[in-house]
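**Q** Everything in the sequence shown is counted per full-length UniProt numbering, starting at 1 for the first residue and increasing by one.
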Amino acid sequence: MLTWKEVINFSVKGNPIPEQRIEKTEEEWKNLLSPEQFRITRHKGTEPPHSGALCTTHDNGKYGCVCCGTPLFDSTIKFNSGTGWPSFTQPIKENAIKYHKDVSFGMTRVEAMCNTCDAHLGHVFPDGPEPGGLRYCINSESMKLIKEGVTNEK
1 MLTWKEVINF SVKGNPIPEQ RIEKTEEEWK NLLSPEQFRI TRHKGTEPPH
51 SGALCTTHDN GKYGCVCCGT PLFDSTIKFN SGTGWPSFTQ PIKENAIKYH
101 KDVSFGMTRV EAMCNTCDAH LGHVFPDGPE PGGLRYCINS ESMKLIKEGV
151 TNEK
């Protein structure tokens, strides 16, 4: 189980090695994604709070990166944080998420990115539920839900 100290260490000293890397040109990403998905994942955007389709979804399944499909979070670790974005306590695997120190907007935060394709997902904070105490605050537009027992769903 990841802790805040480990997240900070990753953001400062280097991230875990991903199982694979996927790199595309900006034009290739534009052709694969909706304009809003592209803005959020490739240009570090944020959707308005309480606007994302996955914010209130509680179906069983895995949440994968909308860009590359890498599994990021499991529905069993999703919780209602009241923040207006889907929130998770842990990534599906330690090396699924890449962490980057974010000093934009006059504050210091830790950006959560897909470790496979560098898609911006959202941010991670140390105010989540125990035992790990982490809250991954993730944009709906940066993920797709692959429901259990359903194939080929985007």
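Backbone N, C-alpha and C fix where the C-beta goes; we use that ideal spot for every residue, glycine too.
If the criterion is Cβ atoms closer than 7 Å, does the pair residue 71 and residue 138 meet it?
**A** Not in contact: residue 71 and residue 138 (Cβ atoms no closer than 7 Å).
**Q** May I ask which residues mark the beginning and end of the beta strand (DSSP E) holding residue 6?
**A** Per DSSP, residue 6 belongs to no beta strand (DSSP E); it is in the alpha helix (DSSP H), 4 to 13.
**Q** Could you check whether residue 37 and residue 111 sit closer than 7 Å to each other, using their CB atoms as the reference points?
**A** Contact flag unset, no.
**Q** State the beta-bridge partners of residue 123 as determined by DSSP.
**A** According to DSSP, which records beta bridges pairwise, residue 123 is partnered with 111 and 137.
**Q** If we count the other Cβ atoms within 10 Å of its Cβ and call it buried at 16 or more, is residue 90 buried or exposed?
**A** With 16 or more Cβ atoms within 10 Å of its Cβ, residue 90 is classed as buried.
**Q** In three-state DSSP terms, what is residue 131?
**A** Three-state DSSP puts residue 131 in coil, outside helix and strand.
**Q** Just how far apart, CA to CA, sit residue 13 and residue 99?
**A** If you take the alpha carbons of residue 13 and residue 99, they lie about 10 Å apart.
**Q** For residue 100, report the span of its beta strand (DSSP E) as first-last.
**A** From DSSP, the beta strand (DSSP E) with residue 100 extends over 97 to 102.
**Q** How big is the Cα-Cα spacing for residue 34 and residue 81?
**A** Rounded to the nearest angstrom, the two C-alpha atoms are 27 Å apart.
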